[in-house]
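What follows is a set of notes on a single structure, which appears directly below.
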Amino acid sequence: MGFLAYILFFTTVITFSNLPVEAQTVECDRPLGLRDGAIKNSQLFSSGPTTSGVAAQYARLFSSSAWCIMSSQFVAGSHYLQIDFLQAVNVTAIEAQGQSRSGATSYYTQYCSTAETSSCQFILENGGPKEFIGRADGEESILTRLPNRVLTRYIRIYPLQFVNNPCMRLEIYGCSAIDFTPAPATTDAPCNVSLGMSDARINDSQIYGEGETFISTTPKFARLKRASAWCIRPNYFQPGKDYLEIDLLRNATLTAIAAQGQSNSGVSMFQMMFSIDIPEISWKNYTAINSTKPENFAGGITRRDIKTHNLKEAFHARRLRIYPLQYISAPCMRLELYGCPLY
């Protein structure tokens, strides 16, 4: 595939997916482990031809060697270094360095949810892939902040131009996804579409509940404007302990939630917890702005009563838990989630 066709292919992918990214914050600016070895050699991969002394494992800032593509076989924008963080992380900046009198003077960056190329997106600027500036010497380095923070598991670095040899040493900056707290998520595309509760794109198997229910009010009935609802048996209701869990199967940006009752019953107040897609599930409360306390949401208390909450701070999640706190007649809920897929 030619370089131009290659770029056009990925530009099409970006336009179709409209991935949201997040506003930069100064708290998420730590080295993620290339220089100090926290990122192991096994987490580094080179798609291009190298020799033993300049393999992917040497792509570490201020290391004695560097990652270098064989210049005789170099094709701009076709070879990449892939860094696998083993879990989702927030990436905010990249520091690049050459080796001796050689180095990549410019490069593209992609972020990917899996090791498959089809899941990768270019870092964009002004509607196209952002061209990062590199160094062609071994003494100085250059740090470039991303236009926006991205949540990703993999980063790919594509050298474009070089002096003498396409060599690079790198550090990636950001923070663990576990450290992430809800913050306004920005996107160039509308991010308020139904995520699939009411039309059953979210399958029954993706909906789980904790709490005693009737046969006709199990979690699979927790769908907005459907005939039945998810209801906890009132005599067994445990406020703040019973919950409904929805697994979106991939990370998404959530921007709104709608809650409806059933007949003349319904949950009048609930809270939410969320978890992103990382190896170890870690649940976080959705908190009010400038607060550490979980935010309380009003629910619909009849079959005609739908309470829609446009979240003041959107957030990323794969899994969402709804915890009923108070109810009228019976703790029943029907729900829809709104937002857009993250990748």
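Going letter by letter, the sequence shown gives residues -23 to -1, 1 to 320 in mature numbering (1 follows the signal peptide of the UniProt record, and there is no 0).
All C-beta atoms in this analysis are idealised placements derived from N, C-alpha and C, irrespective of residue type, glycine included.
In the DSSP assignment, Thr264 forms a beta bridge with Pro271. With 16 or more neighbouring CB atoms inside 10 Å of its own CB, Tyr57 falls in the buried class. With a 10 Å radius around the Cβ and a threshold of 16 neighbouring Cβ atoms, Trp260 comes out exposed. In this structure, Ser118 sits near Ala73, with a CB-CB distance shorter than 8 angstroms. Ile71 counts as buried, since no fewer than 16 other beta carbons sit within 10 angstroms of its beta carbon.
Counting only the Cα atoms, Asn228 lies some 27 angstroms from Gly238.
Using a C-beta cut-off of 8 angstroms, the region 130 to 141 makes contact with the region 81 to 101, since at least three inter-stretch Cβ pairs fall below that distance. Put simply, the backbone Cα of Leu172 is about 34 angstroms away from that of Glu108. In the DSSP assignment, Asp224 is bridged to Arg296.
Taking 8 angstroms as the cut-off, the beta carbon of Ala113 is found closer than this to the beta carbon of Ser79. DSSP places Gly151 in the uninterrupted beta strand (DSSP E) bounded by Cys144 to Ser153. In this structure, Gln76 lies near Ala43, with their beta-carbon atoms less than 8 angstroms apart. With contacts defined by Cβ atoms closer than 8 angstroms, Arg203 and Thr190 do not form a contacting pair. Sixteen is the threshold: since fewer than 16 other Cβ atoms of the shown chains lie within 10 Å of the Cβ of Gly217, the residue is exposed.
Shown here for Gly25: same chain residues with a beta carbon closer than 6 angstroms to its own, the five before and five after excluded, namely Ile46 and His56 in chain order. In this structure Ala291 is buried. Its beta-carbon is surrounded by 16 or more other beta-carbon atoms within 10 angstroms.
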